[in-house]
Amino acid sequence: MSRIAQFLTEAGVFFLATADGAQPKVRPLGAFIEEDGKILFGVGEFKDVYKQLKADPLCEIAACKSDGHWLRYTGKAVFETDGKYAEKMIASAHLESIYNEQTGNKLAVFHLEDATAYDIPMMGKGEDLLA
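With my numbering applied, the sequence shown covers 1424 to 1554.
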């Protein structure tokens, strides 16, 4: 998994694609953590993206580095039930002002299962990062 984390770190910003019925939706993200052998992402439970992933957990994460390589990380979003992941992500991404008792906002953390991940050069065949 660390090859995916390294790619995401080097890219800085990455994009999460979901489906809203028949309409695809894409949004930028920048926070993730690697914990217990998983790459974990977070979305606010109050946001449409959370509702979209609950309704249809199939999603894709894409990122691009300055060298022209891009990542396609596809799978099924599985939400974590252990609150330690949300706590760690909130602290590491400095999201305390958004997710706290005063705002009432909760961070839902998920990882991808049944996933594929490819590092794809501008021209040529991609490298399987999960092999």
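For every residue, glycine included, the Cβ atom is placed at its ideal position computed from N, Cα and C.
Quiz prompt | DSSP-derived helix/strand/coil call for aspartate 1471 | solution = helix
Exercise. Would you mind sorting glycine 1465 into buried or exposed? The rule is 16 or more other CB atoms within 10 Å of its CB.
Key: buried
Quiz item: Roughly how many whole angstroms lie between the Cα atoms of alanine 1500 and glutamate 1433?
Solution: 23 Å
Quiz prompt | Residues sharing a beta bridge with aspartate 1429, DSSP | solution = Here residue 1429 is glutamine; the residue named in the question, aspartate, does not match the sequence. Paired residue(s): none; glutamine 1429 is not in a bridge.
Quiz prompt | Residue from Gly1444, Ile1521, Lys1461 whose Cα sits closest to the Cα of tyrosine 1496 | solution = Lys1461
Practice problem: Report the rounded CA-to-CA distance for leucine 1439 versus aspartate 1471, giving the unit in angstroms. | Solution: 13 Å
Practice problem: Can you grab the Cα-Cα spacing for the pair phenylalanine 1469 / lysine 1507, in whole Å? | Solution: 19 Å
Quiz prompt | Per-residue burial, histidine 1517 [other beta carbons within 10 Å of its own, 16 or more giving buried] | solution = exposed
Quiz item: Between which two residues does the beta strand (DSSP E) containing isoleucine 1543 stretch?
Solution: 1530-1543
Quiz item: With tyrosine 1541 and glycine 1549 assumed to form a contact (beta carbons below 8 Å), what rounded beta-carbon distance in angstroms separates them?
Solution: 4 Å
Practice problem: Could you tell me which residues DSSP pairs with glutamine 1525 in its beta bridges? | Solution: None; glutamine 1525 has no bridge partner.
Practice problem: Measure the alpha-carbon distance for glutamine 1525 versus alanine 1554 and round it to whole angstroms. | Solution: 44 Å
Quiz prompt | Enclosing alpha helix (DSSP H) for glycine 1506 [first to last residue] | solution = 1506-1515
Exercise. With DSSP as the reference, please indicate the residues paired to valine 1466 in a beta bridge.
Key: Ala1531
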